[in-house]
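Student: This is the structure I have questions about; it appears just below.
In my numbering, the protein residues as written are 3 to 395.
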């Protein structure tokens, strides 16, 4: 008997981690440090919330079904921003708005894959990508990375089979934090184009890349839309996580297929969230730049304070956007260490085992830290608690 789709994958990792908090109390002078999920802890800025309230009060269509592929004005505005940021020419008919970036990934996979097909994912992978592939009957082919957390093109080439339909990259990376060099992204594009498969690049954390200018040149390639599928989220840039507004850019022909998927899942993205994203694109570029500066300052604090852990055998493998990826020095697997940290250090983070196949033991040595949730004082407290651990090695 075949399993139902949801039974083919694991429980949502963030929800599993939250259950480690059950029955654990944290004193007022030592509150929980929650670095488990990459989500802004503050609401959108007041001006954006006012724009959302105005839309709710004055725009009747904010409460009605809209176009399946999203509000035309938002599609055009995002296309214009992509064109400017990537020094390319992208139009609104290349853009679809989705209910979050996870849905953009799901929609793209639905246009690419049939039962039994394969998608190559670098590991450590973003677990929601793996979960969706599982539930779609698509095999996730692990492309293992080394200590630099960067995937190798030739290793990927050797993994391509007649059932391969795509390679999916995330940069800046979740969970590793690393920013893929432009030449590496281009090499994967060339590989995918030559193999006749798609290259999906999830750029949810693009707005917090430490580099200036375009992070890659894929949009500049002739016929980019025949190979490249760009995924994006407004959630982090404008603190709109609860409103679920994402996007993908691809060929108009692919978006015609995406429309079938979206129409049967959500009919249309939430209208108020779309109005918020549009207002943000039109008014918040300087504010987002300030948010990026703050994230980069927190990143610098992670790097600058790491010596206290390095002296105890910890290693900082990846750092960028919202994440630090750490190698711990203890004998226990991270699957056991992470819930133990809740009880003994008041820290909630995710183990590397949540980001790797079961047969990849490297995840047992790793922890993902969503450092963007901490200010500089919080980072200092985090280091103090980890450096005070007395555990078997």
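All C-beta atoms in this analysis are idealised placements derived from N, C-alpha and C, irrespective of residue type, glycine included.
1. Once the 5 residues before and after residue 34 are set aside, which same chain residues still bring their CB inside 7 Å of it?
2. With DSSP as the reference, label residue 111 as helix, strand or coil.
3. Return yes when the Cβ of residue 151 is within less than 8 Å of the Cβ of residue 327, no when it is not.
4. Is it buried or exposed for residue 159, if we count other Cβ within 10 angstroms and need 16 for buried?
5. For my contact list, residue 280 and residue 145 are in at a C-beta cut-off of 8 Å; report their separation, rounded to the angstrom.
6. Comparing C-alpha positions only, which one of 373, 380, 85 and 11 sits nearest to residue 217?
7. Use the C-beta contact count for residue 52: other C-beta atoms within 10 angstroms, 16 or more gives buried, fewer gives exposed.
8. Nearest CA to the CA of residue 319: which residue from 370, 344, 313 and 358?
9. How about the segment 201-218 and the segment 179-192: do they share at least three Cβ pairs that are nearer than 8 Å?
10. Counting beta carbon pairs with one atom in the segment 128-145 and one in the segment 11-28, are three or more of them shorter than 8 Å?
11. What's the gap between the Cα of residue 49 and the Cα of residue 22?
12. Using a Cβ-Cβ cut-off of 7 Å (strictly less than) and excluding sequence neighbours within five positions of residue 298, which residues of its own chain qualify?
13. I'd like the list of long-range same chain contacts for residue 91, defined as Cβ closer than 6 Å, with 5 residues on each side in sequence excluded.
14. What runs of the alpha helix (DSSP H), each 4 residues or longer, lie entirely inside the segment 139-221?
15. In chain order, what are the residue ranges of uninterrupted alpha helix (DSSP H) at least 4 long that sit wholly in the segment 67-133?
16. Considering residue 230, what are the terminal residues of the beta strand (DSSP E) in which it resides?
17. Less than 8 Å between the beta carbons of residue 115 and residue 248, yes or no?
18. Does the segment 271-280 come close enough to the segment 240-257 to have 3 or more Cβ pairs within less than 8 Å?
19. Examine the Cβ distances between the segment 176-185 and the segment 134-145 and report whether three or more of them are shorter than 8 Å.
20. Check the C-beta distance from residue 263 over to residue 204 and give it rounded, since I have them as a contact under 8 Å.
21. Go to residue 301, then tell me how far its alpha helix (DSSP H) extends in each direction, as first and last residue.
22. Are residue 202 and residue 8 close, meaning C-beta to C-beta below 8 Å?
23. To the nearest angstrom, report how far apart residue 358 and residue 364 are at their CA atoms.
24. Does residue 354 get closer than 8 Å to chain B when you measure Cβ to Cβ?
25. Can you check whether the CB of residue 37 is closer than 8 Å to the CB of residue 308?
26. How about residue 191 and residue 229: are their beta carbons less than 8 Å apart?
27. Does the distance from the C-beta atom of residue 162 to that of residue 197 stay below 8 Å?
28. According to DSSP, is residue 65 helix, strand or coil?
29. Taking buried to mean at least 16 other C-beta atoms within 10 Å of its own C-beta, is residue 394 buried or exposed?
30. Between the alpha carbons of residue 89 and residue 221, how many angstroms are there, rounded?
31. Please state the DSSP three-state secondary structure of residue 375.
32. Return the first residue and the last residue of the beta strand (DSSP E) that residue 250 is part of.
33. Taking DSSP as the reference, what is the three-state secondary structure of residue 244?
34. Within its chain, find whatever has a CB closer than 7 Å to the CB of residue 344; leave out the 5 residues flanking it on each side and keep chain order.
35. Can you tell me whether residue 392 is buried or exposed, with buried defined as 16 or more other CB within 10 angstroms of its CB?
36. With DSSP as the reference, label residue 32 as helix, strand or coil.
Tutor: If we stick to the structure as given:
1. Numbered from 1 along the chain shown, position 32 holds the residue referred to as residue 34. Excluding residues within five positions, the ones whose Cβ falls inside 7 Å are 28, 348 and 350.
2. As a working mapping, residue 111 is identified with position 109 in the chain shown. In this structure, residue 111 counts as helix in the three-state DSSP scheme.
3. Here residue 327 refers to the residue found at position 325 of the chain shown. Here residue 151 refers to the residue found at position 149 of the chain shown. Going by C-beta atoms, residue 327 is nearer than 8 Å to residue 151.
4. Residue mapping note: residue 159 aligns to position 157 of the chain shown, counting from 1. Residue 159 is exposed by the Cβ-count criterion.
5. In the chain shown, counting from the first residue as 1, residue 280 sits at position 278. In the chain shown, counting from the first residue as 1, residue 145 sits at position 143. Their Cβ separation, rounded to whole angstroms, is 36 Å, which puts residue 280 and residue 145 out of contact at 8 Å.
6. Your numbering for residue 217 matches position 215 in the chain shown. For residue 217, the nearest C-alpha among the options comes from 85.
7. Reading the chain shown from its first residue, position 50 is the one you call residue 52. Per the 10 Å Cβ criterion, exposed.
8. Residue mapping note: residue 319 aligns to position 317 of the chain shown, counting from 1. Closest option to residue 319, Cα to Cα, is 370.
9. yes
10. yes
11. On the chain shown, position 47 is the one that residue 49 refers to. On the chain shown, position 20 is the one that residue 22 refers to. About 37 Å.
12. For the purposes of this step, residue 298 is identified with residue 296 of the chain shown, where counting begins at 1. Correct list, in chain order: 212.
13. The sequence position of residue 91 within the chain shown is 89, counting from 1. Result list for residue 91: 85, in chain order.
14. 155-161 and 184-197
15. 74-87 and 103-114
16. Translated into the one-based positions of the chain shown, residue 230 becomes position 228. Unbroken beta strand (DSSP E) run through residue 230: 230-235.
17. The residue you call residue 115 lines up with position 113 of the chain shown. The residue you call residue 248 lines up with position 246 of the chain shown. No, the Cβ-Cβ distance between residue 115 and residue 248 is not below 8 Å.
18. yes
19. no
20. Numbered from its first residue, the chain shown carries residue 263 at position 261. Numbered from its first residue, the chain shown carries residue 204 at position 202. That belief does not hold up - the Cβ atoms of residue 263 and residue 204 are roughly 17 Å apart, past 8 Å.
21. The sequence position of residue 301 within the chain shown is 299, counting from 1. Where residue 301 is concerned, the enclosing alpha helix (DSSP H) stretches over 287-307.
22. The residue labelled residue 202 in the question sits at position 200 within the chain shown. The residue labelled residue 8 in the question sits at position 6 within the chain shown. Taking 8 Å as the Cβ cut-off, residue 202 and residue 8 do not qualify as a contacting pair.
23. Walking along the chain shown from the start, residue 358 turns up at place 356. Walking along the chain shown from the start, residue 364 turns up at place 362. If I take the Cα positions, the gap works out to 8 Å.
24. The chain labelled as chain B is not found in the depicted structure, where only one protein chain is given.
25. What you label residue 308 is simply residue 306 of the chain shown in a count that begins at 1. What you label residue 37 is simply residue 35 of the chain shown in a count that begins at 1. For residue 308 and residue 37, no; Cβs fall outside 8 Å.
26. Start at 1 with the first residue of the chain shown, and residue 191 comes out as number 189. Start at 1 with the first residue of the chain shown, and residue 229 comes out as number 227. Going by C-beta atoms, residue 191 is nearer than 8 Å to residue 229.
27. Position 160 of the chain shown, counting from 1, holds the residue named residue 162. Position 195 of the chain shown, counting from 1, holds the residue named residue 197. In contact: residue 162 and residue 197 (Cβ atoms closer than 8 Å).
28. The residue labelled residue 65 in the question sits at position 63 within the chain shown. Note: residue 65 maps to helix in three-state DSSP.
29. Locating residue 394 in the chain shown gives position 392, counting from the first residue. When all chains shown are included, residue 394 counts as exposed.
30. For the purposes of this step, residue 89 is identified with residue 87 of the chain shown, where counting begins at 1. For the purposes of this step, residue 221 is identified with residue 219 of the chain shown, where counting begins at 1. Cα to Cα, the separation comes out at about 8 Å.
31. Here the question's residue 375 lines up with position 373 in the chain shown. It is helical.
32. For the purposes of this step, residue 250 is taken as residue 248 along the chain shown, with counting starting at 1. 248-251 is the extent of the beta strand (DSSP E) around residue 250.
33. Within the chain shown, residue 244 is the residue found at index 242, counting from 1. Correct three-state label for residue 244: helix.
34. Within the chain shown, residue 344 is the residue found at index 342, counting from 1. 22, 23, 26 and 350.
35. Start at 1 with the first residue of the chain shown, and residue 392 comes out as number 390. Residue 392 is exposed by the Cβ-count criterion.
36. In the chain shown, residue 32 corresponds to position 30, counting from 1. Residue 32: coil per DSSP, three-state reduction.
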